[in-house]
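Enquirer: Here it is: the structure, laid out below.
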Amino acid sequence: MSQKWVIGNWKMNGDLSSNITLLSAITHASGTAKMAVCVPYPYLAQAQVALQGSAVLLAAQDVSQFDKGAYTGEVSASMLKEFGVTMVLVGHSERRSLFGETDDIVAAKAASAIKAGLTPVVCVGETLAERDSGQAKEVVLRQFKAVSDYIGVEGLNQCVLAYEPVWAIGTGLTATPEQAQEVHAWLREAATQAGAVDISILYGGSVKAVNAAEIFGQADVDGGLIGGASLVAEEFTAIYQAI
Ligand code: 13P
Numbered sequence: 333m334s335q336k337w338v339i340g341n342w343k344m345n346g347d348l349s350s351n352i353t354l355l356s357a358i359t360h361a362s363g364t365a366k367m368a369v370c371v372p373y374p375y376l377a378q379a380q381v382a383l384q385g386s387a388v389l390l391a392a393q394d395v396s397q398f399d400k401g402a403y404t405g406e407v408s409a410s411m412l413k414e415f416g417v418t419m420v421l422v423g424h425s426e427r428r429s430l431f432g433e434t435d436d437i438v439a440a441k442a443a444s445a446i447k448a449g450l451t452p453v454v455c456v457g458e459t460l461a462e463r464d465s466g467q468a469k470e471v472v473l474r475q476f477k478a479v480s481d482y483i484g485v486e487g488l489n490q491c492v493l494a495y496e497p498v499w500a501i502g503t504g505l506t507a508t509p510e511q512a513q514e515v516h517a518w519l520r521e522a523a524t525q526a527g528a529v530d531i532s533i534l535y536g537g538s539v540k541a542v543n544a545a546e547i548f549g550q551a552d553v554d555g556g557l558i559g560g561a562s563l564v565a566e567e568f569t570a571i572y573q574a575i
């Protein structure tokens with residue numbers, strides 16, 4: 333059985349005062365799945381303190397593929413580790429589409445996270461145009477394979493996967509449970525073929541308290557990667573409890 337997860341991705345949201353309220357509320361949520369929150373870099377220290385003693389894991393939204401050196405603006409995996417980070421998103425579609433991250437960069441980032449002992453949450457997903465032209469499977473598996481070939485089965489066993497159809501992110505359009513399950517099954521098969529066992533595969537894209545249980549109920553959906561709804565404590569807690 334794969335580990336179940338609900339992970340919040342705050343994206344570029346939050347401030348010192350609202351973070352405290354939100355973090356304190358989510359630490360009181362009770363449930364069986366693991367919970368993590370991906371906070372913006374400047375708030376890692378604040379969140380590290382706020383989450384201390386709770387079961388909620390601290391995560392980041394990105395990581396450099398480089399270890400150290402003259403890479404202005406970059407943040408290394410070992411720096412994240414110093415602030416108690418245990419997981420990091422790599423290859424989020426916003427990084428791919430807005431900041432030019434290629435499959436190769438995403439793979440190198442996953443490797444750099446693993447090297448530092450962090451769990452990469454490897455995000456994959458197709459655009460609407462790709463889905464409409466029948467390329468969803470090819471795109472998602474190409475993105476997966478780029479990472480899996482680079483880090484090998486040992487690396488893969490330390491990853492969490494997240495399927496986030498680009499057309500469902502922040503749009504209010506959610507993949508139907510059947511659409512999510514179909515892609516998750518492709519990913520499960522690819523991971524199994526690569527030799528990985530029990531990898532967790534999360535769904536992301538307009539997950540809300542009202543639709544979470546149905547999506548989480550699919551055989552190959554091991555939880556969610558939550559954007560907008562992770563900024564509202566009651567909503568995020570309800571999603572967490574839907575698993
Ligand atoms: P929304 O839940 O806001 O659609 O965002 C999903 C996402 O991108 C999480 O990483």
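Just so you know, we're using this note's numbering here: the sequence shown kicks off at 333 and counts up by one. For glycine and all other residues, C-beta sits at the position ideal for the given N, C-alpha and C.
Is it the case that the CB of A561 approaches a heavy atom of the ligand 13P more closely than 7 Å?
Expert: yes
Enquirer: Reducing DSSP to helix, strand and coil, say where K366 ends up.
Expert: strand
Enquirer: What are the residues that DSSP puts in a beta bridge with N341?
Expert: C370
Enquirer: Have a look at A523 and Q378 and give me their C-alpha separation to the nearest angstrom.
Expert: 36 Å
Enquirer: For the region 483-507, which segments carrying the beta strand (DSSP E) assignment without a break, of at least 3 residues, lie completely within its bounds, in sequence order?
Expert: 492-495
Enquirer: Quick one: grab the DSSP three-state call for L450.
Expert: coil
Enquirer: Given a threshold of 16 other Cβ atoms within 10 Å of its Cβ, counted over all protein chains shown, does K447 qualify as buried or as exposed?
Expert: Exposed, by the Cβ-count rule.
Enquirer: With DSSP as the reference, please indicate the residues paired to I575 in a beta bridge.
Expert: BP columns for I575 are empty, so no partner.
Enquirer: What residue ranges within the region 378-416 form continuous beta strand (DSSP E) runs of no fewer than 3 residues, ordered along the chain?
Expert: As far as the region 378-416 is concerned, its whole beta strand (DSSP E) runs of at least 3 residues are 389-392.
Enquirer: Can you tell me whether DSSP reads I531 as helix, strand or coil?
Expert: Taken through DSSP and simplified to helix, strand or coil, I531 comes out as coil.
Enquirer: List the residues that DSSP assigns as beta-bridge partners of G536.
Expert: L557
Enquirer: If you drop the 5 nearest sequence neighbours on each side, which residues of the same chain put their C-beta closer than 6 Å to that of G598?
Expert: Any property of residue 598 remains undetermined from this structure, which presents the chain solely from 333 to 575.
Enquirer: Sorted by chain position, which residues of the same chain lie with C-beta nearer than 8 Å to L473's C-beta, five sequence neighbours on each side aside?
Expert: Within the same chain, L473 has close Cβ partners W518, L519 and A522.
Enquirer: Leaving out five residues on either side along the sequence, give the residues of the same chain with a beta carbon under 7 Å from the beta carbon of D388.
Expert: Here residue 388 is Val; the residue named in the question, Asp, does not match the sequence. Excluding positions up to five away in sequence, the list reads I358, T359, M367, A368 and V369.
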